[in-house]
Amino acid sequence: MHSDHDRRPPAPPPAAAFGTAPDARAVRTAPRAPSGPNPRRRGPRPVPPGVEYHRVLAGEKRRIGRGILAIVLVLAGMFVSGFAITQAAALIDLRMGRSNPAIGGTDYTPLYHGAAMFSLALLIPWSMLVQRWLYGVPGASLHSVLSRFRFDVFGRALLLIGPVWLVPTVVLHLAMPSEQTYWPVADLVAVFAATLLLTPLQSAGEEYGLRGLVFRVAGSWSRGPRTALVVAVLVSSLVFTAIHGATDPWINLWYFTLAVSLAVITWRTGGIETAVVVHALLNTLTFLLATAVHADLGGSIADRSAGTGSPALLVPGVTVALIAAVVWWRTRGSGPALTPAEPPAGRSRTAE
Numbered sequence: 001m002h003s004d005h006d007r008r009p010p011a012p013p014p015a016a017a018f019g020t021a022p023d024a025r026a027v028r029t030a031p032r033a034p035s036g037p038n039p040r041r042r043g044p045r046p047v048p049p050g051v052e053y054h055r056v057l058a059g060e061k062r063r064i065g066r067g068i069l070a071i072v073l074v075l076a077g078m079f080v081s082g083f084a085i086t087q088a089a090a091l092i093d094l095r096m097g098r099s100n101p102a103i104g105g106t107d108y109t110p111l112y113h114g115a116a117m118f119s120l121a122l123l124i125p126w127s128m129l130v131q132r133w134l135y136g137v138p139g140a141s142l143h144s145v146l147s148r149f150r151f152d153v154f155g156r157a158l159l160l161i162g163p164v165w166l167v168p169t170v171v172l173h174l175a176m177p178s179e180q181t182y183w184p185v186a187d188l189v190a191v192f193a194a195t196l197l198l199t200p201l202q203s204a205g206e207e208y209g210l211r212g213l214v215f216r217v218a219g220s221w222s223r224g225p226r227t228a229l230v231v232a233v234l235v236s237s238l239v240f241t242a243i244h245g246a247t248d249p250w251i252n253l254w255y256f257t258l259a260v261s262l263a264v265i266t267w268r269t270g271g272i273e274t275a276v277v278v279h280a281l282l283n284t285l286t287f288l289l290a291t292a293v294h295a296d297l298g299g300s301i302a303d304r305s306a307g308t309g310s311p312a313l314l315v316p317g318v319t320v321a322l323i324a325a326v327v328w329w330r331t332r333g334s335g336p337a338l339t340p341a342e343p344p345a346g347r348s349r350t351a352e
């Protein structure tokens, strides 16, 4: 006697066992449905692999108009924030019976000093925001080709360049002594503290804006990397010189030499860390020496009119040029630093 189960016909073997499954063949031969529009990229555009620092924003199109807009926005942010913050400081100083240079006064107050330094430090986030907005590239890439601030590079530069940079700063101060004025002790202490805390950030802000974004923007205007480098160095250096508003030829020569040297250093090292060290040491030491001798910070120190310069400015100019030459020589074997050959895992985000 057989059960119903025994009377059922045997199940056919899986079609895949023969390698000729009808549904698999249909999948291979059936036409695919239209894919629709190309998916749009979400999030920031990945940093291009294997390129030098000044070529991160370069693409198939030169986008000169966009680059000019980026430079204008950087400069506008610098001057607008500087005006707004120093005016706010002036209002507070007025309440205390003091008139600082923001409103044409002669009282160089600690509040005015700190406001001026802080406003320039804001160039760091502002430059990152402009790059992200106009080019879609992450703001963190302004740090270096590794898209991070390399503290090891910064530390080595500070140890090696610091003692060297101190000499021309002192020589320049002795060769071009500034006028002295009366300083209340409380003001001296406050300006000294603000200099230590904020002047390095102020110098870094200028580096992110000029040797960072402006350098990259101008470096994207030419298709050849070497032509782009020349354009990037010249444009960023001329902008840096112009924004300081000097009319003395010696001072302008000094600013241009400093800017060219820092641009070359940024290119060879692949980041702004070493340039920040040079700039921050220069400004910080200058202010500290000036306060130590009770110099008139609002008068002779800030005066860049014709006749205020001196051939003594060749001393720091030659020094910073030599620093750039040493950086180039030390990287002669490896060449300028490049972005990673492949973006780190998880950093590139596209819509699937």
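Residue numbers (full-length UniProt numbering): 1 to 352. The beta-carbon is built from N, C-alpha and C at its ideal position, and this holds for glycine as well.
Residue closest to asparagine 252, alpha-carbon to alpha-carbon, out of Thr286, Ala263, Pro46 and Gly309: Taking each of Thr286, Ala263, Pro46 and Gly309 in turn and checking the Cα distance to asparagine 252, the smallest one comes out for Gly309.
Inter-residue Cα distance where the pair is arginine 40 and arginine 95: Interpretation of arginine 40 is limited by its pLDDT of 45, a score under 50 that renders its predicted location unreliable; the figure taken from the coordinates is listed afterwards. If you take the alpha carbons of arginine 40 and arginine 95, they lie about 54 Å apart.
Three-state secondary structure (DSSP) of tyrosine 179: Inspection of the sequence shows that residue 179 is occupied by glutamate rather than by tyrosine. Of the three classes helix, strand and coil, the one that applies to glutamate 179 here is coil, per DSSP.
Residues near leucine 206 by beta carbon distance below 8 Å, same chain, minus five either side: In the sequence as displayed, the identity of residue 206 is glutamate instead of leucine. So the list reads Leu120, Leu123, Phe240 and His279, once near-sequence residues are dropped.
Test item: CB-CB of arginine 268 and serine 236 under 8 Å: no
Rounded Cβ spacing between glutamine 261 and valine 320 (contact assumed at less than 8 Å): The sequence as given places serine at residue 261; glutamine does not occur at that position. Rounded, the Cβ-Cβ distance is 4 Å, consistent with contact.
Nearest-angstrom Cβ-Cβ length linking leucine 201 and methionine 117, presumed shorter than 8 Å: 7 Å
With 16 other Cβ atoms within 10 Å as the buried cut-off, status of histidine 244: exposed
Cross-strand partners of glycine 271 (DSSP beta bridge): Ser144
Where proline 110 falls, given that 16 or more other Cβ within 10 Å makes a residue buried: buried
heavy atom of the ligand MG below 7 Å from alanine 115 C-beta: As far as ligands go, the structure on display features none, and thus does not contain the ligand MG.
Beta-carbon proximity list for leucine 134, same chain, < 7 Å, skipping 5 on both sides: Annotation for leucine 134: Arg66, Leu69 and Ala70 place their beta carbon closer than 7 Å to its own, counting only its chain and skipping 5 residues before and after.
Beta-carbon spacing of threonine 181, aspartate 296 below 8 Å: Taking 8 Å as the Cβ cut-off, threonine 181 and aspartate 296 qualify as a contacting pair.
Sequence-distant residues of its chain with Cβ nearer than 7 Å to threonine 81 (five each side left out): The sequence given here places serine at residue 81; threonine does not occur at that position. So the qualifying residues of the chain are Ser119 and Leu122.
Beta-carbon contacts of threonine 257 that lie in its chain and below 7 Å, excluding the five residues immediately before and after: Gly317, Val320 and Ala321
Sub-8 Å separation of proline 225 and arginine 55 beta-carbons: yes
Contact set for arginine 148: own chain, Cβ-Cβ below 7 Å, skip 5 residues either direction: Ala140.
Counted within 10 angstroms of its Cβ, other Cβ atoms place alanine 24 as buried (16 or more) or exposed: Any answer about alanine 24 is weak, because its pLDDT of 38 lies below 50 and its placement is not dependable; what the coordinates show is given next. Exposed.
Assigned secondary structure, leucine 338 (DSSP; H/G/I helix, E/B strand, else coil): strand
Contacting residues, own chain, Cβ-Cβ under 6 Å from isoleucine 265 (five flanking each side not counted): Thr274, Ala275, Ala324 and Val327
Rounded distance between the beta-carbons of valine 145 and leucine 338, thought under 8 Å: 6 Å
Span separating the alpha-carbon of proline 34 from that of proline 138: Below a pLDDT of 50, predicted positions are generally treated as unreliable, and proline 34, at 43, falls in that range; no measurement from the model is reported.
Length of the line joining the Cα atoms of glycine 114 and alanine 194: Rounded to whole angstroms, glycine 114 and alanine 194 show a C-alpha spacing of 6 Å.
Alanine 193, DSSP secondary structure in three states: Under the three-state reduction of DSSP, alanine 193 is assigned to helix.
Whole runs of the alpha helix (DSSP H) within the stretch 239-287, excluding any shorter than 4 residues: Given a length threshold of 4 residues, each whole run of the alpha helix (DSSP H) inside the stretch 239-287 is given here in chain order: 249-269.
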